[in-house]
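In my numbering, the protein residues as written are 32 to 272. Cβ atoms here follow ideal geometry from the backbone N, Cα and C, with glycine treated the same way. Quick notes on the structure that follows.
Structure representation (structure tokens):
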């Protein structure tokens, strides 16, 4: 499973929707299995994604869903899992990424609180010990993976490095696989020099590596997808259709 990330421009940018549709099509043409829409360029993030941001992301998701045939997901930053689920439901999305699913996370935006109790009727890719944050509880990765898997009902577990562009430690991937029967996805740092770790994962979410500036580089995206597929041999299948 290869999921391409569409980093939205700020909502007041004049090219906001055209950029979203244009780059979504490039990701689909590159051969990703799904794509996820994220308000990445809203940095610095507010402690809670506000209503104007959620509405803008919803409009972008609706236009992207109309433009491509692959499943489309939503990641709304920060503390936006509940709003992301609503966006997915009403704008045609198939899944969400939740950065604080059963973890309590201290981030640069403030405290991210667990959202699992509120997420019903939507497919969830759940981060544990997410990047750009300090997980306060559960304290260890093993406990976090086990808690997310057994005390809630995500569709996959996401393991990241400590920040965007940094891959997870292979030991962390192995730990995750030992403590869950769910698919384990790599959530950061996949690029040409790090593709080898795909051998110990069930898929990956790829964003930064596919871009030149703020645009998806079509040639780079096609090449990375092709090389990644030659290494992936998932033992646990994830369906987002």
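* **For residue 131, three-class secondary structure by DSSP** => In this structure, residue 131 counts as coil in the three-state DSSP scheme.
* Asked: Looking only at C-alpha atoms, which of 32, 202, 227, 102 sits nearest to residue 171?
  -> Nearest of 32, 202, 227, 102 to residue 171, Cα basis: 202.
* Given a threshold of 16 other Cβ atoms within 10 Å of its Cβ, counted over all protein chains shown, does residue 197 qualify as buried or as exposed? -> Burial call: exposed.
* List the DSSP bridge partners of residue 38. => Looking at the DSSP output, residue 38 bridges to 69.
* Would you check if the segment 218 to 235 and the segment 45 to 53 touch, i.e. whether three or more CB-CB distances between them fall below 8 Å? => At 8 Å Cβ cutoff, the stretches do not touch.
* Under a three-way DSSP split, which group does residue 151 fall into? -> Here residue 151 sits in coil by DSSP.
* Asked: If you draw a straight line from the alpha carbon of residue 206 to that of residue 200, how long is it in whole angstroms?
  -> One C-alpha to the other measures close to 10 Å.
* Asked: Is the segment 132 to 152 close to the segment 92 to 106, with three or more CB pairs under 8 Å?
  -> In this structure the segment 132 to 152 does not touch the segment 92 to 106; the number of beta carbon pairs closer than 8 Å is below three.
* Asked: Residue range of the alpha helix (DSSP H) that residue 54 falls in?
  -> It spans 47 to 61 - the alpha helix (DSSP H) in which residue 54 sits, taken as one unbroken run.
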